[in-house]
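Residue numbers (our numbering): 970 to 1214.
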């Protein structure tokens, strides 16, 4: 048994020596950085409905209610949701970009009983997205929303106004994480990390999917009582290092 162990050790010795004396090599690291930032705005969804004798009348009433609602919400510093987005790497930013397109009212005709003498009315429905500065502002918005035939969705999405700075911070975290991995490779090979050869923002499918799943968990996770809403921003990079003696 001892003879076999000794033979295996001799076979492994040249490989270790070769690794420790290797010349400059390059290593490519896929790394994801993540930062959490306090929410800067809150995306709220409001569904407006209005009735009229026909689509024209219902649409006119809906437009009037929409105008009054937007005026009331503006007084609370609540604006119509904008489709601005600073990074496509962020799931939150991607969701916020969906508000860029204007919604169009939909119409339906109510169904009456066969023996009813009433004239069926048309119902106009439209869903609007708004951005509130705080959760307190959303609470204040409930009264004017209901007064103008609207219903507020219970789900409110914390978002950022500026995604550029957090994304840069996430990229810096990704590079630092990659440096640690490169150091581990260098130690194994008996080398040192000497330089960064290339940094690419090309998305790795697996790393990107895992990052988005992690971000989704932060969205649906319940917030602690009295806690601050946090928005998670991810950045995935491919960093190539040179390792040398």
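Cβ coordinates follow ideal geometry from the N, Cα and C atoms, glycine included.
For residue i, does the count of other Cβ atoms within 10 angstroms reach 16, so buried, or fall short, so exposed?
{"i": "residue 1088", "result": "exposed"}
{"i": "residue 1190", "result": "Since pLDDT at residue 1190 reaches only 48, below the 50 mark, its modelled position is unreliable, and the value read off the structure follows with that caveat. Per the 10 Å Cβ criterion, exposed."}
{"i": "residue 1000", "result": "buried"}
{"i": "residue 1091", "result": "buried"}
{"i": "residue 1050", "result": "buried"}
Residues in its own chain within less than 7 Å of residue i by CB, not counting five upstream and five downstream?
{"i": "residue 1127", "result": "1008, 1011, 1198 and 1200"}
{"i": "residue 1218", "result": "Outside the modelled stretch of the chain, which goes from 970 to 1214, sits residue 1218, for which no answer is possible."}
{"i": "residue 997", "result": "1207 and 1209"}
{"i": "residue 1152", "result": "1162"}
{"i": "residue 1107", "result": "1011, 1013, 1101 and 1125"}
{"i": "residue 1081", "result": "1087 and 1089"}
{"i": "residue 1074", "result": "1028, 1031, 1093, 1094 and 1095"}
Run through DSSP, which three-state label would residue i get?
{"i": "residue 1214", "result": "coil"}
{"i": "residue 1167", "result": "strand"}
{"i": "residue 1129", "result": "coil"}
{"i": "residue 1135", "result": "helix"}
{"i": "residue 998", "result": "strand"}
{"i": "residue 1109", "result": "helix"}
{"i": "residue 1146", "result": "helix"}
{"i": "residue 990", "result": "No answer about residue 990 holds up, because its pLDDT of 43 lies below 50 and its placement is not dependable."}
{"i": "residue 1158", "result": "helix"}
{"i": "residue 1025", "result": "helix"}
{"i": "residue 1115", "result": "helix"}
{"i": "residue 1081", "result": "coil"}
{"i": "residue 1030", "result": "helix"}
{"i": "residue 1040", "result": "helix"}
Check the DSSP bridge columns for residue i and list the partner residues they point to.
{"i": "residue 1100", "result": "1012 and 1048"}
{"i": "residue 1074", "result": "Note: residue 1074 sits in no beta bridge, so no partner."}
{"i": "residue 1095", "result": "1017"}
{"i": "residue 1207", "result": "999 and 1169"}
{"i": "residue 1201", "result": "1005"}
{"i": "residue 1120", "result": "1016"}
Looking only at its own chain, which residues have a Cβ that is under 6 Å from the Cβ of residue i, when we skip the five neighbours before and after it?
{"i": "residue 983", "result": "Confidence is the limiting factor: at residue 983 the pLDDT is only 44, short of 50, which leaves the residue's position unreliable, though a coordinate-based value still follows. For residue 983, where only same-chain residues beyond five positions count, there are no Cβ hits under 6 Å."}
{"i": "residue 1204", "result": "1002, 1058, 1136, 1139, 1140 and 1143"}
At the 9 Å Cβ level, is residue i part of the contact set with chain B, yes or no?
{"i": "residue 1089", "result": "You won't find chain B in this structure, because it holds only one protein chain."}
Once the 5 residues before and after residue i are set aside, which same chain residues still bring their CB inside 8 Å of it?
{"i": "residue 1104", "result": "1011, 1125 and 1198"}
{"i": "residue 1112", "result": "none"}
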